[in-house]
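Numbering (our numbering), first residue to last: 5 to 159.
The beta-carbon is built from N, C-alpha and C at its ideal position, and this holds for glycine as well.
Given below as structure tokens:
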């Protein structure tokens, strides 16, 4: 069960580190065209930045509240951090977690995108070695015209 929790945490990091995923898709109609493509591009860009350890770029794919949540969660574990980049560096200092995060970043397969005005959800799955596939839905919000990852439960 602990491994599943670590996997879910890794899944969340790949889509914004802390709580950006849930097990169910948001209601709505499938997105078409430019918005859906932009949501998927932001999701993939975030994953690629994490794989490249380009934490500044990864943080730029997050909404401000996501970055704040990352800072708060990283600080809660001891050792104060003051930025999203520092929070990600701290998360990536755990080799076991890195293996999970990288597995998510490399293996995430997009299942669908739904857009409702300035909010969107992207459903994706990943299959850790020797485990059943895990499906998650990450939430996004348009911020200054760009799609950004938001914590789970954010409208």
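Worksheet item: CB residue 129 to CB residue 113, shorter than 8 Å?
Response: If you check the CB distance, residue 129 and residue 113 come in under 8 Å.
Worksheet entry | Candidates 140, 123 and 133: closest to residue 152 by CA position | By alpha-carbon distance to residue 152, the top candidate from 140, 123 and 133 is 123.
Discussion item. For residue 44, which residues in the same chain have their Cβ closer than 7 Å to its Cβ, ignoring the five residues on either side in sequence?
Written reply: Correct list, in chain order: 114, 117 and 126.
Discussion item. Tell me which residues share the same chain as residue 4 and place their Cβ nearer than 6 Å to its Cβ, disregarding the 5 neighbours each side in the sequence.
Written reply: A query on residue 4 cannot be resolved here, the shown segment of the chain reaching from 5 to 159 and no further.
Practice prompt. Tell me whether the beta-carbon of residue 74 lies closer than 8 Å to the beta-carbon of residue 101.
Written response: Contact: no.
Item to complete: Using a threshold of 8 Å, state whether the C-beta atoms of residue 132 and residue 107 are closer than that.
Response: Taking 8 Å as the Cβ cut-off, residue 132 and residue 107 qualify as a contacting pair.
Discussion item. Between 76, 111 and 78, which has its C-alpha nearest residue 138's C-alpha?
Written reply: Residue 111 is the option with its Cα nearest to residue 138.
Item to complete: Go ahead and pull the three-state DSSP assignment for residue 111.
Response: In the three-state reduction of the DSSP assignment, residue 111 falls in the helix class.
Discussion item. So the candidates are 95, 42 and 63; which of them puts its Cα closest to the Cα of residue 88?
Written reply: Ranking 95, 42 and 63 by Cα distance to residue 88 puts 63 first.
Worksheet item: In this structure, does DSSP put residue 81 in helix, strand or coil?
Response: Secondary structure at residue 81: coil, using DSSP grouped into helix, strand and coil.
Practice prompt. Sort 141, 135 and 148 by Cα distance to residue 156 and report the nearest one.
Written response: The alpha carbon of residue 156 has as its nearest neighbour, out of 141, 135 and 148, the alpha carbon of 141.
Discussion item. At the level of alpha carbons, what is the spacing between residue 37 and residue 119?
Written reply: Their backbone Cα atoms lie some 10 Å apart in a straight line.
Discussion item. Here's the rule: buried if 16 or more other CB atoms are within 10 angstroms of the residue's CB, otherwise exposed. What is residue 53?
Written reply: Residue burial annotation: residue 53 is buried, with at least 16 other C-beta atoms found within 10 angstroms of its C-beta.
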